[in-house]
Amino acid sequence: MYRVTKFAFLLLFLLLASTTNLFAETTDASDIDVTTKIGDSYYLDFGVKIYLPRILISDGVHFFPNTKAALNSGEFTDQFYIDNPDFATADLTPVTYKLVRIDGTPVTLDLSITKHFVWFLIAGFLTLFIFGRLSKKYISGIGRTSAPKGAGMNFAEVLIIYIRDEVVKANIGEKRYRQFTPYLLSCFFMILFMNLFGLAPYGITPTADVSVTAALAITTFFMVNLNGTKDYWKHIFAMPGVPVYMLPLIIVVEILGLFTKPFALAIRLFANMLSGKMLIFSMLSMIFIMAALFGTGVGLASAIIWLPFTIFIYALKVFAAFLQAYIFIMFSALFIGMAVEEHDHHEHHHAEAHPVTH
Amino acid sequence: METIFADFAHLAAGIGAGIVLIGAGFGIGMIGKGAMDATARQPEASGDIRTSMLISAGLIEGAAFFGLVICILLALK
């Protein structure tokens, strides 16, 4: 498993490195695109643009190594060149990145690899790589028979033990916590890596994209509902202790509750990560707004106020990265715990929960 | 006429975001107060109190985000 991970990781980097050499396009030094930190795009931006593969389903599957190749293939063109035919030249460059067929066939599905997806994969492989290595160490005996070695191993052990004891065991229970610890731990570290990526130069936070967090929340949704006990489903479709004429209403509410839980999970992570970015974005743009309103001197002087604020929010974002990853897995553990819980003391429990009906 | 509707949508988004923030801030403030009181009263239970504080803060935040999503949808109109 470890060898496979290492191989996949190497392959990804080779792919990235090769695309850099072949298709890199130097951007203007003056052209700083701040939105690239927030929005999704079809290229990676490391100072040079690395165009990502395009996969389009439109009357068959079309695969292109990058957007430029798609434009120059003669089958697809940028929406921009349809709207502004005067700009079309022999060597087309992508403008809006929205590809349309030249002959007018509609594009059914755009499965193109985007920046957020690539960073999502990097986080996944990084998690596999680091913790695959770590598990190898534990299997060989370091950390079990002796003290953990090295700063990384110690730090990871602190986090892992805390999550196992305080989150997973506390919410799922002594009996079945072992089954869910691997999922929740991988989730935690992957989300943590994704949250922290955005704080590095040229890094992107994929969790600031609702589709990434929705994917994570859907995984939790399946983890919860595929492991649901008979009791769990009984509480949804036939809540004990509820009068029969109330059941239709309760069932509707409970089924809605099934879907609002992962929805809130996805929105919480997404909104927290995006709002942090937007805050830094707005703080820094205040300098430019001041400069535009009152002159360059005032703008530069106001940087004395806005830069410390930005640094403060930046530090807050490091904290939020840990907190949101923690909250995500804590709620996952809570929902899983609710689903796999066994009710040993049935009557007593309901006498307590619904005092009116008794 | 359409622009007037769009303007009202933007106004509603702004006012809505403000009201959402009042509610969420009040709720999280209440939790913070409760947690601090409880920790002062029983410092040995601070770990459990922190966990339940984070859970309830997360739930309030979730409710607030539902409101904020609606505001964003209005603002993008």
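Protein sequences, first through last, are from chains Y and L. Adding 259 to a residue's 1-based position in the first sequence gives its number in this note's numbering. Adding 34 to a residue's 1-based position in the second sequence gives its number in this note's numbering. We put the beta carbon where it would ideally sit given N, CA and C, even for glycine. It should be emphasised that the depicted structure is a prediction, and the values quoted were computed from it without experimental measurement.
Item, Value
"Need the endpoints of the alpha helix (DSSP H) that residue 41 of chain L sits in, please.", "36–75"
"Count the other C-beta atoms from every protein chain shown that fall within 10 angstroms of the C-beta of residue 377 of chain Y, then say buried if there are 16 or more, exposed otherwise.", "buried"
"I need the straight-line Cα distance from residue 89 of chain L to residue 327 of chain Y, nearest angstrom please.", "48 Å"
"Can you tell me whether residue 281 of chain Y is buried or exposed, with buried defined as 16 or more other CB within 10 angstroms of its CB?", "Confidence is the limiting factor: at residue 281 of chain Y the pLDDT is only 44, short of 50, which leaves the residue's position unreliable, though a coordinate-based value still follows. By the neighbour-count rule (16 or more Cβ atoms within 10 Å), residue 281 of chain Y is not buried but exposed."
"For residue 465 of chain Y, collect the residues of the same chain with a Cβ closer than 6 Å to its Cβ; drop the 5 residues on either side in sequence, then sort them by chain order.", "375, 378, 379, 453 and 471"
"Tell me, please, whether the CB atom of residue 419 of chain Y is closer than 8 Å to any CB atom in chain L?", "no"
"If you run the structure through DSSP and keep just helix, strand and coil, what is residue 84 of chain L?", "helix"
"For the alpha helix (DSSP H) holding residue 110 of chain L, just list the boundary residues, first then last.", "Counting along the chain, residue 110 of chain L falls outside any alpha helix (DSSP H), and DSSP gives it neither H nor E."
"For a contact defined as C-beta to C-beta under 8 Å, what are the partners of residue 527 of chain Y on chain L?", "92, 95, 96 and 99"
"Compare the C-beta of residue 600 of chain Y with all C-beta atoms of chain L and state if any pair is closer than 8 Å.", "no"
"Give the residues of chain L in contact with residue 590 of chain Y, contact being defined as C-beta atoms less than 7 Å apart.", "92"
"Taking the Cβ atom as the reference point for each residue, do residue 455 of chain Y and residue 422 of chain Y lie within a distance shorter than 8 Å?", "no"
"Rounded to whole angstroms, what's the CA-CA distance from residue 101 of chain L to residue 473 of chain Y? Just pull it up for me.", "18 Å"
"Closer than 8 Å, CB to CB, is residue 85 of chain L near chain Y or not?", "yes"
"Which word fits residue 521 of chain Y, buried or exposed, when buried means at least 16 other C-beta atoms lie within 10 angstroms of its C-beta?", "buried"
"DSSP state of residue 470 of chain Y, grouped into three classes?", "helix"
"Only counting the same chain, and skipping five residues up and downstream in sequence, which positions put a Cβ closer than 7 Å to that of residue 288 of chain Y?", "The predicted model places residue 288 of chain Y with a pLDDT of 43, which falls under 50 and marks its position as unreliable, so this point remains unresolved."
"For the segment 433–443 of chain Y against the segment 585–603 of chain Y, are there 3 or more C-beta pairs whose distance is under 8 Å?", "yes"
"State the CB to CB distance for the pair residue 320 of chain Y and residue 336 of chain Y, rounded to an integer number of angstroms; the pair is presumed to be in contact (CB under 8 Å).", "Contact doesn't hold; Cβ gap of about 18 Å is too wide."
"Give every residue of the same chain whose Cβ lies closer than 8 Å to the Cβ of residue 419 of chain Y, excluding the five residues on either side of it in the sequence, and list them in chain order.", "444"
"Among all the DSSP beta bridges, which residues are the ones paired with residue 322 of chain Y?", "Y:314"
"Pick out whichever of Y:361, Y:457 and Y:551 has its Cα sitting closest to the Cα of residue 537 of chain Y.", "Y:457"
"Considering Cα atoms alone, identify which of Y:391, Y:400 and Y:323 is closest to residue 369 of chain Y.", "Y:323"
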